[in-house]
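Here's the structure, in structure tokens; my notes come after.
Numbering (our numbering), first residue to last: 678 to 894.
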């Protein structure tokens, strides 16, 4: 009960010491033991997300009969396009390039709070996307508006990418690390003015919380 119904929190071994330890022989052994111990939970999470994703795709295809933008094929294409272009905009340090793909709040938040602030500190965000693995609709919030305006969907997106901060002059990595790695992110898309727009991004560790939340339809 403690493992399948926890209070959700964001935490992880992000320090250099922890990362270094899990590269040693003993660290790998402990990691293997932890994997075996947590295997039931891992299986539970994957099964839960699988069934939720399948159910939500069916719901979206029904909504697609009312509004084509909600059909799974159209929606999947829109999310993939936004994901690819937003990463290019981050790398170019200009969210104006994707202003039509992100909400007004998110555009200002990323440009003013992050990108402009990094420029002042002489830092640059290096973002490169190699490939998208999967896009899964984990949670739906569908409005009762005739056009479905204001509806929101939380997607789990896995991708092979690199994302880190470097100092412009020294090229030293300040945050993150070089090299491509598989990552999972939760993208929350909102249907605004007849278009799907990115409204927020959360860590992949929140995927189970979204999958377990009841849809609001």
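Ideal Cβ placement from N, Cα and C applies to all residues, glycine included.
Where the alpha helix (DSSP H) through residue 884 begins and ends
According to the DSSP assignment, residue 884 belongs to the alpha helix (DSSP H) that extends over 884-889.
Buried or exposed: which applies to residue 834, given that a residue is buried once 16 or more other Cβ atoms fall within 10 Å of its Cβ?
Result: buried.
Stretch pair the region 817-827 + the region 721-731: three plus CB contacts closer than 8 Å
With the cut-off at 8 Å, the region 817-827 and the region 721-731 do not touch.
May I have the straight-line CA-CA distance separating residue 756 from residue 708, to the nearest angstrom?
Rounded to the nearest angstrom, the two C-alpha atoms are 34 Å apart.
Compare the beta carbon distance of residue 893 and residue 819 with 8 Å and say whether it is the shorter of the two.
Contact annotation: residue 893 and residue 819 have beta-carbon atoms nearer than 8 Å.
Neighbourhood of residue 851 by C-beta, 7 Å cutoff - its chain only, sequence neighbours within 5 removed:
For residue 851, same chain residues with a beta-carbon under 7 Å away, outside a window of 5 residues either side, are 800, 842, 843, 844 in chain order.
Bridge partners - residue 844, DSSP secondary structure assignment:
DSSP output for residue 844 lists 800 as bridge partner(s).
Which value, in whole angstroms, describes the spacing of the CA atoms of residue 714 and residue 864?
In a straight line, the C-alpha of residue 714 is about 30 Å away from that of residue 864.
Classify residue 802 as buried or exposed, calling it buried when 16 or more other Cβ atoms lie within 10 Å of its own Cβ.
With 16 or more other Cβ atoms inside 10 Å of its own Cβ, residue 802 counts as buried.
Among residues of its own chain, excluding the 5 on either side of residue 883, which ones have a beta-carbon nearer than 6 Å to its beta-carbon?
The residues 863, in chain order, have a CB closer than 6 Å to that of residue 883 in the same chain once the five nearest residues on each side in sequence are set aside.
State yes or no: is the C-beta of residue 836 within less than 8 Å of the C-beta of residue 856?
Judged by their CB atoms, residue 836 and residue 856 are not nearer to each other than the 8 Å cut-off.
Just to confirm the assignment, what range does the alpha helix (DSSP H) spanning residue 823 have?
Annotation: residue 823 is outside any alpha helix (DSSP H) and is labelled neither H nor E by DSSP.
The beta strand (DSSP E) enclosing residue 778, as first and last residue numbers:
Neither: residue 778 is in no beta strand (DSSP E) and is coded neither H nor E.
Rounded separation between residue 728 and residue 886 - CA only
So the two alpha carbons sit approximately 14 Å from each other.
Considering only C-alpha positions, which residue in the set 750, 770, 701, 732 is nearest to residue 888?
For residue 888, the closest of 750, 770, 701, 732 by C-alpha to C-alpha distance is 732.
Hey, how far is the Cα of residue 704 from the Cα of residue 735?
One alpha carbon belongs to residue 704, the other to residue 735, and they sit about 43 Å apart.
Would you decide whether residue 790 is buried or exposed? Buried here means 16 or more other CB atoms lie within 10 Å of its CB.
Per the 10 Å Cβ criterion, exposed.
Let me know the secondary structure DSSP gives residue 807 once reduced to three states.
Correct three-state label for residue 807: strand.
Distance check for residue 860 and residue 687, CA to CA, integer angstroms please.
In this predicted model, residue 687 has a pLDDT of only 47, less than 50, meaning its place in the structure is not dependable; the value taken from the coordinates is given anyway. When rounded, the distance between both Cα atoms is 15 Å.
Quick one: measure Cβ to Cβ for residue 772 and residue 740, integer angstroms, because I've assumed they're closer than 8 Å.
Cβ-Cβ separation between residue 772 and residue 740: approximately 29 Å, too far for a contact (criterion under 8 Å).
Report the three-state DSSP secondary structure of residue 835 (helix, strand or coil).
Reduced to three states, the DSSP call for residue 835 is strand.
Identified DSSP bridge partners for residue 859:
Under DSSP, residue 859 takes part in a beta bridge, and its partners are 837.
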